[in-house]
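Okay, structure first, notes after.
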Amino acid sequence: MGSRGAKELVSRATKIKTKLQSAFEARILELEDVSHRHASHAAVKGNPNFAAGETHFNLRIVSPRFEGQSLVKRHRMVYDALAEELQSGLHALSIVAKTPQEVEIQQKRAPQ
Amino acid sequence: MECFSISGSCVSNLHFHFTENGHSQPPLFNSQFTAFSSLILSSNFPNYPYPFILFPLQTLLHLFLAYSKALERTQSSSFGYHFGLQEPLETELVTVPEATDQLAENLPSDSGVYAVFDSNSELQFVGISRNIAASVLAHRKSVPELCSSVKVGVVAEPDRTALTQAWKSWMEEHIKATGKVPSGNETGNTTWIRQAPKKKPDLRLTPGRHVQLTVPLEELIDRLVKENKVVAFIKGSRSAPLCGFSQRVVGILENQGVDYESVDVLDEEYNCGLRETLKKYSNWPTFPQIFVNGELVGGCDILTSMHENGELDGLFKK
Numbered sequence: 001m002g003s004r005g006a007k008e009l010v011s012r013a014t015k016i017k018t019k020l021q022s023a024f025e026a027r028i029l030e031l032e033d034v035s036h037r038h039a040s041h042a043a044v045k046g047n048p049n050f051a052a053g054e055t056h057f058n059l060r061i062v063s064p065r066f067e068g069q070s071l072v073k074r075h076r077m078v079y080d081a082l083a084e085e086l087q088s089g090l091h092a093l094s095i096v097a098k099t100p101q102e103v104e105i106q107q108k109r110a111p112q
Numbered sequence: 001m002e003c004f005s006i007s008g009s010c011v012s013n014l015h016f017h018f019t020e021n022g023h024s025q026p027p028l029f030n031s032q033f034t035a036f037s038s039l040i041l042s043s044n045f046p047n048y049p050y051p052f053i054l055f056p057l058q059t060l061l062h063l064f065l066a067y068s069k070a071l072e073r074t075q076s077s078s079f080g081y082h083f084g085l086q087e088p089l090e091t092e093l094v095t096v097p098e099a100t101d102q103l104a105e106n107l108p109s110d111s112g113v114y115a116v117f118d119s120n121s122e123l124q125f126v127g128i129s130r131n132i133a134a135s136v137l138a139h140r141k142s143v144p145e146l147c148s149s150v151k152v153g154v155v156a157e158p159d160r161t162a163l164t165q166a167w168k169s170w171m172e173e174h175i176k177a178t179g180k181v182p183s184g185n186e187t188g189n190t191t192w193i194r195q196a197p198k199k200k201p202d203l204r205l206t207p208g209r210h211v212q213l214t215v216p217l218e219e220l221i222d223r224l225v226k227e228n229k230v231v232a233f234i235k236g237s238r239s240a241p242l243c244g245f246s247q248r249v250v251g252i253l254e255n256q257g258v259d260y261e262s263v264d265v266l267d268e269e270y271n272c273g274l275r276e277t278l279k280k281y282s283n284w285p286t287f288p289q290i291f292v293n294g295e296l297v298g299g300c301d302i303l304t305s306m307h308e309n310g311e312l313d314g315l316f317k318k
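Line order of the protein sequences matches chains A and B. First residue of the first sequence: 1, per the UniProt record's numbering; consecutive thereafter. First residue of the second sequence: 1, per the UniProt record's numbering; consecutive thereafter.
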């Protein structure tokens, strides 16, 4: 580990949050580490990068930046912001990306 | 899927030529002939729960079921199975009712064997089912002219062996009486066997990893997604996805009834290098990936969300 160890002191979750927050001015940013659910996953088991967990996340992000963007585009935007993480062992990211407007509509529709 | 889950697909395994467990010989119809006893309908069960109603055939059927169920309760576990065996084949036809709901009422939804007769009371087919009523209904839909009446035998302990035995005993009986196999059970006759829709094989991008490609992998991907309407790049095969997200994607596509192609990105033999190349090609870092008309729709999240919003129908119709 050596020099890498110091770098790892900041958890991946924190890094992801920081990056997304600055890239998207997110109104809502919820990140859930679900790595434990995938602990037996073949890809996780065999890879030393994954030993520390923090491989699988669920993300819910609401940002005005998604306005007018297709779902694919929104996911790509998120992936782009997290390119570094994806290259260093972030294995799966389940994304729900919405605009503030969409959330509003959804809330109105939902029964009070 | 279990072999016996529904009549159509299961029966093929019990076709006159056995193929299961590597046996390629026909089942033996010889020494084990069962002594068929007539049903004892009255004295043993004064309090049977089924009313005598309508016409006698139904009554007999109901009695048989009542008797069978009662035996299940009171006797050792294997008894019901033997009872299934002793159920004689030649008698007690149940007319297949016209209406679906009637059929459901008159036939048991239990596991067992059934024999279908045409309007001349000619035995057409002997089948095994996990839901006799559903199987008969399916037959009546596909070949109404051959489904005039049925004979059913509920097998109380319906494991594979018991069902096979019950089926065999009915076949034996018929063969002994007529010297021939019911036409529907003859090898090659597919009238009654609704094969489960065969899953397509997964597509392979290359002929093998040791074969030098003349075209770059990227171009192969490009062709593949443009020449096929719907392509899913998944982890594992479509019949056994190895990742929960891929599994969900396959589930949604199957559920939509879409004709799609699948490519296993974990197949190192035939799709060697695909993962990295595809990530670059699609500018998408994870799998599964779904392409429609050559364009990336997204991964599992997007497909799920479109499925829930009902947007998929429109997408696949384009």
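Just so it is clear, CB atoms sit at the ideal spot from N, CA and C, and this is done for glycine as well.
message: If the cut-off is 8 Å on Cβ atoms, which residues from the segment 282-308 of chain B count as contacting chain D, listed in chain order?
response: The structure shown contains no chain D; its protein chains are A and B.
task: Would you kindly work out how many angstroms separate the C-alpha atoms of V230(B) and E295(B), rounded to a whole number?
output: Position 230 of the second sequence holds residue 230(B). Position 295 of the second sequence holds residue 295(B). Taking the straight line from one Cα to the other gives about 9 Å.
- request: Could you tell me if V159(B) is buried or exposed, where buried requires 16 or more neighbouring beta carbons within 10 angstroms of its beta carbon?
  value: By one-based count along the second sequence, residue 159(B) stands at place 159. Reading the sequence as shown, one finds Asp at residue 159(B) and not Val. By the neighbour-count criterion, in which a residue is buried when 16 or more other Cβ atoms sit within 10 angstroms of its Cβ, D159(B) is exposed.
message: Going by beta-carbon coordinates alone, are F125(B) and P182(B) separated by less than 7 Å?
response: Residue mapping note: residue 125(B) aligns to position 125 of the second sequence, counting from 1. Residue mapping note: residue 182(B) aligns to position 182 of the second sequence, counting from 1. It is a contact, given that the beta carbons lie within the stated cut-off.
Pairwise C-alpha distance: R204(B) and Y260(B): Within the second sequence, the letter at position 260 stands for residue 260(B). Within the second sequence, the letter at position 204 stands for residue 204(B). The alpha-carbon atoms of Y260(B) and R204(B) are separated by roughly 14 Å.
CB contact check: V72(A) to chain B, cutoff 7 Å: The count along the first sequence starts at 1 and reaches residue 72(A) at position 72. Interface with chain B (7 Å Cβ-Cβ cutoff): V72(A) is included.
field: Contacting residues, own chain, Cβ-Cβ under 6 Å from T99(A) (five flanking each side not counted)
entry: Against the first sequence, residue 99(A) aligns to sequence position 99. Cβ neighbours of T99(A) beyond the five flanking positions: F66 and E67.
field: Helix, strand or coil at S276(B) [DSSP, three-state]
entry: Numbered from its first residue, the second sequence carries residue 276(B) at position 276. First, the residue type needs correcting, since residue 276(B) is Glu and not Ser in the sequence shown. In the structure shown, E276(B) sits in a helix (DSSP, three-state: H, G or I).
task: Output the distance between the C-alpha atoms of G314(B) and A115(B), rounded to the nearest integer angstrom.
output: As a position in the second sequence, residue 314(B) is number 314, starting the count at 1. As a position in the second sequence, residue 115(B) is number 115, starting the count at 1. Taking the straight line from one Cα to the other gives about 44 Å.
- request: For K151(B), count neighbouring C-beta atoms within 10 Å of its own C-beta (all shown protein chains included) and say buried if the count is 16 or more, exposed if not.
  value: Working through the second sequence from its first residue, we reach residue 151(B) at position 151. Its Cβ being crowded by 16 or more others within 10 Å, K151(B) is buried.
CB contact check: S94(A) to chain B, cutoff 7 Å: Counting from one through the first sequence, the residue named residue 94(A) turns up at place 94. It does; some Cβ of chain B falls within 7 Å.
query: How would you call D110(B), buried or exposed, if buried means at least 16 neighbouring beta carbons within 10 angstroms?
result: Reading the second sequence from its first residue, position 110 is the one you call residue 110(B). Under this definition D110(B) is a buried residue.
field: Cβ contact (3+ pairs, closer than 8 Å) linking the segment 136-155 of chain B and the segment 203-219 of chain B
entry: no
- request: Determine, using beta carbons only, whether residue 156(A) comes closer than 7 Å to chain B.
  value: With chain A covering only 1 through 112, there is no way to say anything about residue 156(A).
- prompt: Since V265(B) contacts I234(B) with CB under 8 Å, what's their CB separation in whole angstroms?
  reply: One-based indexing of the second sequence puts residue 265(B) at position 265. One-based indexing of the second sequence puts residue 234(B) at position 234. Between the beta-carbon of V265(B) and that of I234(B) there is about 7 Å, and that keeps the pair under the 8 Å contact cut.
field: Close beta carbons around A92(A), own chain, < 6 Å, minus the five adjacent residues each side
entry: Along the first sequence, one-based indexing puts residue 92(A) at 92. H56, listed in sequence order.
message: DSSP three-state label for P241(B), please.
response: As a first step, residue 241(B) must be located in the second sequence, where it is residue number 241. Residue state, collapsed to three classes: strand.
field: Rounded C-alpha distance that separates H23(B) from K168(B)
entry: Reading the second sequence from its first residue, position 23 is the one you call residue 23(B). Reading the second sequence from its first residue, position 168 is the one you call residue 168(B). The predicted position of H23(B) is uncertain, since its pLDDT is 33 and thus under 50; no value can be drawn from it.
query: R60(A) versus chain B: which residues are under 8 Å apart at the beta carbon?
result: Within the first sequence, the letter at position 60 stands for residue 60(A). In chain order: nothing, as chain B lies at least about 11 Å away.
- request: Compare the beta carbon distance of L303(B) and V249(B) with 7 Å and say whether it is the shorter of the two.
  value: The sequence position of residue 303(B) within the second sequence is 303, counting from 1. The sequence position of residue 249(B) within the second sequence is 249, counting from 1. Yes. Within cutoff.
task: Could you tell me which of E105(B), R209(B), I132(B) and E157(B) sits nearest to C272(B), measuring between CA atoms?
output: As a first step, residue 272(B) is located in the second sequence; it is residue number 272 there, counting from the start. Closest option to C272(B), Cα to Cα, is R209(B).
message: Which of the three DSSP states is assigned to S37(B) in this structure?
response: Indexing the second sequence from 1 puts residue 37(B) at position 37. A caution first: S37(B) carries a pLDDT of 29, below 50, which makes its placement in the model unreliable, though a value can still be read off. Residue state, collapsed to three classes: coil.
field: Nearest neighbour of V96(A), chosen from S63(A), L86(A), D80(A) and E84(A) [CA to CA]
entry: Numbered from 1 along the first sequence, position 96 holds the residue referred to as residue 96(A). The option with the nearest alpha carbon to V96(A) is S63(A).
task: Measure the C-alpha to C-alpha separation of A134(B) and N106(B) and round it to an integer number of angstroms.
output: What you label residue 134(B) is simply residue 134 of the second sequence in a count that begins at 1. What you label residue 106(B) is simply residue 106 of the second sequence in a count that begins at 1. Whole-angstrom Cα-Cα distance: 12 Å.
- request: State the start and end residues of the unbroken alpha helix (DSSP H) segment that holds K17(A).
  value: For the purposes of this step, residue 17(A) is taken as residue 17 along the first sequence, with counting starting at 1. Note, K17(A): alpha helix (DSSP H), R12 to F24.
Residue burial classification, P207(B) (beta-carbon count within 10 angstroms, cutoff 16): Here residue 207(B) corresponds to residue number 207 of the second sequence, with the count starting at 1. Exposed, since its Cβ has fewer than 16 Cβ neighbours within 10 Å.
- prompt: Which stretch, first to last residue, makes up the alpha helix (DSSP H) that contains F316(B)?
  reply: To locate residue 316(B), count along the second sequence from 1; it is residue 316. Residues L312 to K317.
task: Give the straight-line distance between the Cα atoms of Q247(B) and L71(A), rounded to the nearest whole angstrom.
output: Within the second sequence, the letter at position 247 stands for residue 247(B). Within the first sequence, the letter at position 71 stands for residue 71(A). Within the model, the alpha-carbon separation for Q247(B) versus L71(A) is close to 21 Å.
field: Residue burial classification, R27(A) (beta-carbon count within 10 angstroms, cutoff 16)
entry: As a first step, residue 27(A) is located in the first sequence; it is residue number 27 there, counting from the start. With fewer than 16 other beta carbons inside 10 angstroms of its own, R27(A) counts as exposed.
- prompt: In chain B, which residues lie less than 8 Å from H75(A) when you measure between Cβ atoms?
  reply: As a first step, residue 75(A) is located in the first sequence; it is residue number 75 there, counting from the start. What H75(A) touches in chain B: W284, G298, G299, D301 and I302.
- prompt: Using the rule of at least 16 other Cβ atoms within 10 Å of the residue's Cβ for burial, across every protein chain shown, is G112(B) buried or exposed?
  reply: Position 112 of the second sequence, counted from the first residue, corresponds to residue 112(B). G112(B) comes out buried.
- prompt: Taking the alpha carbon of residue 319(B) as the point to measure from, which residue in D301(B), N293(B) and H174(B) has its own alpha carbon closest?
  reply: The first residue shown for chain B is 1 and the last is 318, placing residue 319(B) beyond what the model contains.
query: What are the boundary residues of the alpha helix (DSSP H) that includes E102(A)?
result: Residue mapping note: residue 102(A) aligns to position 102 of the first sequence, counting from 1. First-last of the alpha helix (DSSP H) with E102(A): P100 to R109.
message: Taking the alpha carbon of V136(B) as the reference point, which residue from D301(B), E269(B), L163(B) and Q102(B) has its own alpha carbon closest?
response: Position 136 of the second sequence holds residue 136(B). Nearest option by C-alpha distance: Q102(B).
message: By alpha-carbon positions, which one of E85(A), R12(A) and E104(A) ends up nearest to D33(A)?
response: Counted from its first residue, the first sequence places residue 33(A) at position 33. Checked all of E85(A), R12(A) and E104(A); the closest Cα to D33(A) is R12(A).
message: On the criterion of 16 or more Cβ atoms from any shown chain inside 10 Å, does H75(A) qualify as buried, or is it exposed?
response: The count along the first sequence starts at 1 and reaches residue 75(A) at position 75. H75(A) is buried by the Cβ-count criterion.
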